[in-house]
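A.B. asks: All the letters of the sequence shown, read from the start, carry residue numbers 95 to 649 under this note's numbering. Built from N, CA and C at the ideal position, the CB exists for glycine as well. Quick caveat: nothing in here was measured; it's all calculated off a predicted structure. Below you will find the structure I want to go over with you.
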Amino acid sequence: MDTQLRYQEWLNNPAFDEDIKAELRKIEADQSEIDDRFYKDLEFGTGGLRAVVGAGTNRLNRYTVRRITAGYADFLVQQYGHDAQVRGVVIAHDMRHGSQEFTLEAARVFAAKGIATYLFKGIAPTPELSFAVPYLNAIGGVVITASHNPAIYNGYKIYDATGGQAVPSLAEPVIAEINKLTDYAAIPLASADDTLIHWLDDTVDTAFIAAQKTNLRQPVMLQEMGKQIKIVYTPLHGSGKRMILKGLQNAGFKHVYTVESQLVEDPEFKTVKSPNPEDPEALTMALEVAKQKDADLIMGSDPDADRVGVLVKTGEGVYTPLTGNQVGSLLVYYLLANDADLADKKAPFIANTIVTSELGAKIAESFGVETVSTLTGFKYIGEQINLLQDEHDFIMGYEESYGYLIGTLARDKDAVGSAMLIAEMTAYYLREGKTLVDQLNNIFKEYGYYQEKLVSRTLKGQDGMAEIQRLMHVYRGLPAAELTAFGIESVKDYATGIDGLPQSDVVKFFFANGSWIAVRPSGTEPKIKFYLGAKGETQQVSDDNMALLQKFIVR
């Protein structure tokens, strides 16, 4: 692709405003930057579309937002006709650079296409959008967010009428419509006060929290323990602050403390290196508050409040982080062990992904509950809920990346409901004199010692993309002798479309000792990811197996 030609087109096109052109003039002598901004159009990945905010076809700006929205709108009208225009689209956003502007730009494009829109007045969690779409009987939804990505990013997620993220069967025809749009000047735009643009009141908020409360297993216990347990929660400057605090309060937790500076809606995330709750360092300030308050539990959500990180008090001033796999496994055990109606459910199941720990599935099996594994991306878990709901009851779904969904009130990972259940679970075990770490160790003793590790390599730009593709080729072509030397019994290449799953750029290696490694490019960041899963009859055997896995990925 001729990046210089595209660059000049943007500079000279009267459809683009002076701010965009001024930004582009600053890079006129930097061909590598021009190449990076214009070598492709934005693409959808496992978690929608994410990109650096700025001018260019490979950047998120008001013009690329308009183009994406126009393509989605054209698809909706073609697919659903007048029904799409009447039912409309719900739009939510976080606090990132451009989020509020991009939300209104999207609404103006939808309105110009005759489609009603329903906008949250302020920042709103992604799971609330997932809930709001079916609650309002909308035809679809949009969230403007880049989740936990660095501050220079923003993104665009598309949702279907069930509140699920766009799976390939929806995304592909939408992308086809987007690709038809090459003239930015031809994209219609309504006024910001168009009558088809509606602003939501707090009705959705109230209904969302009420629905979350129905998932609690021990409301009577919380009448007592809710007064005793101490919790520190931080939204990391994100959209979880209002709804998670409200959810914890409504669940009966009386002592919930926050990190005041991280309640500020800051698109720069100045108080953290990264607003990612997978990294315990992001919860450093919450840890200080917890030590001051002698809190039992620390929780932090990412900027769009669909994922939550956890630290547990395990000693005087000592707090132990739990991984997403560990929290997911604890939730599986807690939910199933405390479900009085489990025997009456129709073919109950949990859902995880092919890069998630096998411990949760092992626990579910012991309760007679099936596990459905999907490709990476919570959209596939939401899809399975919809596909199986007539004959199966969904218990919960989770990913290793700290995303959980309990029940069917949404179709996306949900830090709001998860925080409420994690807090309840903590209170339940504390009443028995145990921490979550104590309970996790009990689970290990019963089911085996499972541990997981994620190793990522960041490789940016065109060269980085080429290196990621080269590495994937290397792992696919490893000689049989090398695989045998490492004790690998079998290999699955999901690019061929196996196990009833869509084709995906993932290779998974299975070791004779029951451990495994999965390799895949990230769908949301310029990274190649290595997922390591080790198990053993003892902690030492599990540690030894993990050491072997780490040797395998060094190349």
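Given a cut-off of 8 Å, decide if I269 and Y174 are closer than it, judged by their beta-carbon atoms.
C.D. replies: In the sequence shown, residue 174 corresponds to position 80, counting from 1. In the sequence shown, residue 269 corresponds to position 175, counting from 1. Going by C-beta atoms, Y174 is not nearer than 8 Å to I269.
A.B. asks: Based on the DSSP secondary-structure assignment, which residues constitute the bridge partners of W610?
C.D. replies: Translated into positions along the sequence shown, residue 610 becomes position 516. W610 pairs with F604, G627.
A.B. asks: Reducing DSSP to helix, strand and coil, say where D587 ends up.
C.D. replies: Reading the sequence shown from its first residue, position 493 is the one you call residue 587. Three-state result, D587: strand.
A.B. asks: Rounded to the nearest angstrom, what separates L553 and P244 at their Cα positions?
C.D. replies: To locate residue 553, count along the sequence shown from 1; it is residue 459. To locate residue 244, count along the sequence shown from 1; it is residue 150. Going from the Cα of L553 to the Cα of P244 covers about 15 Å.
A.B. asks: Assign S355 to one of three DSSP states: helix, strand, or coil.
C.D. replies: Residue 355 sits at position 261 when you count from the first residue of the sequence shown. Three-state result, S355: helix.
A.B. asks: Can you tell me whether R570 is buried or exposed? The criterion is at least 16 other CB atoms within 10 Å of its CB, across all chains shown.
C.D. replies: Reading the sequence shown from its first residue, position 476 is the one you call residue 570. R570 is exposed by the Cβ-count criterion.
A.B. asks: Give every residue of the same chain whose Cβ lies closer than 7 Å to the Cβ of N344, excluding the five residues on either side of it in the sequence, and list them in chain order.
C.D. replies: One-based indexing of the sequence shown puts residue 344 at position 250. Hits under 7 Å: I303, K307.
A.B. asks: On a CA-only basis, which of T211, N432, V227 is nearest H292? Give me that one, please.
C.D. replies: In the sequence shown, counting from the first residue as 1, residue 292 sits at position 198. If we check each option's Cα against that of H292, T211 comes out closest.
A.B. asks: Take every Cβ of the region 632-647, pair it with every Cβ of the region 252-265, and state whether three or more of those distances are shorter than 8 Å.
C.D. replies: no
A.B. asks: According to DSSP, is N70 helix, strand or coil?
C.D. replies: Any question about residue 70 goes unanswered here, given that the chain covers just 95 to 649.
A.B. asks: Closest Cβ-Cβ distance between L381 and chain D: below 8 Å?
C.D. replies: No chain D appears in this structure, which consists of one protein chain only.
A.B. asks: What residues in its chain sit with their C-beta under 6 Å from that of Y474, if we drop five residues either side in the sequence?
C.D. replies: Along the sequence shown, read from residue 1 onward, the residue named residue 474 stands at position 380. Around Y474: T468.
A.B. asks: Can you pull the DSSP bridge partners for I392?
C.D. replies: Position 298 of the sequence shown, counted from the start, is the residue given in the question as residue 392. DSSP lists V326, L405 as partners of I392.
A.B. asks: Determine the extent of the beta strand (DSSP E) in which P415 is found, giving its start and end residues.
C.D. replies: By 1-based counting over the sequence shown, the position of residue 415 is 321. Counting along the chain, the beta strand (DSSP E) containing P415 begins and ends at 412-416.
A.B. asks: Look up S467 in the DSSP assignment and say whether it is helix, strand or coil.
C.D. replies: Translated into the one-based positions of the sequence shown, residue 467 becomes position 373. Three-state result, S467: strand.
A.B. asks: Just checking, does the region 194-211 make contact with the region 281-297 on the three C-beta pairs under 8 Å criterion?
C.D. replies: yes
A.B. asks: If the criterion is Cβ atoms closer than 8 Å, does the pair Y391 and N419 meet it?
C.D. replies: On the sequence shown, residue 391 is found 297 positions in, with the first residue counted as 1. On the sequence shown, residue 419 is found 325 positions in, with the first residue counted as 1. Before going further, note that residue 391 is Leu rather than Tyr in the sequence given. Taking 8 Å as the Cβ cut-off, L391 and N419 do not qualify as a contacting pair.
A.B. asks: Which stretch, first to last residue, makes up the alpha helix (DSSP H) that contains G148?
C.D. replies: Position 54 of the sequence shown, counted from the start, is the residue given in the question as residue 148. Premise fails: G148 is in no alpha helix (DSSP H) and is neither H nor E.
A.B. asks: Got a sec, what are the start and stop residues for the alpha helix (DSSP H) R156 sits in?
C.D. replies: Counting from one through the sequence shown, the residue named residue 156 turns up at place 62. It spans 156-174 - the alpha helix (DSSP H) in which R156 sits, taken as one unbroken run.
A.B. asks: Quick one, are the C-beta atoms of N106 and F132 less than 8 Å apart?
C.D. replies: Here the question's residue 106 lines up with position 12 in the sequence shown. Here the question's residue 132 lines up with position 38 in the sequence shown. No, Cβ-Cβ distance for N106 and F132 is not below 8 Å.
A.B. asks: Going by DSSP in three states, F225 sits in which element: helix, strand or coil?
C.D. replies: Your numbering for residue 225 matches position 131 in the sequence shown. In the structure shown, F225 sits in a helix (DSSP, three-state: H, G or I).
A.B. asks: Could you tell me which of Q102, N480, E137 sits nearest to E122, measuring between CA atoms?
C.D. replies: Your numbering for residue 122 matches position 28 in the sequence shown. The residue with the shortest Cα to Cα distance from E122 is Q102.
A.B. asks: Report back the beta-carbon spacing between S451 and G581 to the nearest angstrom; my notes put them in contact at under 8 Å.
C.D. replies: To locate residue 451, count along the sequence shown from 1; it is residue 357. To locate residue 581, count along the sequence shown from 1; it is residue 487. Wrong, their Cβ atoms sit about 20 Å apart, outside the cutoff.
A.B. asks: Using 8 Å as the cut-off, can you tell me whether the region 474-491 makes contact with the region 361-374, which would need three or more C-beta pairs spanning the two stretches below that distance?
C.D. replies: Inter-segment contact for the region 474-491 and the region 361-374 is absent: fewer than three beta-carbon pairs are separated by less than 8 Å.
A.B. asks: Let's test the definition: count the other Cβ atoms within 10 Å of the Cβ of D435 and tell me whether it reaches 16, buried, or not, exposed.
C.D. replies: One-based indexing of the sequence shown puts residue 435 at position 341. Classification for D435: exposed.
A.B. asks: Cβ of D130 within 8 Å of Cβ of G555?
C.D. replies: Taking the first residue of the sequence shown as position 1, residue 130 is located at position 36. Taking the first residue of the sequence shown as position 1, residue 555 is located at position 461. Yes. Within cutoff.
A.B. asks: Could you give the DSSP three-state label for H349: helix, strand or coil?
C.D. replies: One-based indexing of the sequence shown puts residue 349 at position 255. H349 falls in the strand class under three-state DSSP.
A.B. asks: Start and end of the beta strand (DSSP E) containing M189?
C.D. replies: On the sequence shown, position 95 is the one that residue 189 refers to. Here M189 belongs to no beta strand (DSSP E), and DSSP marks it neither H nor E.
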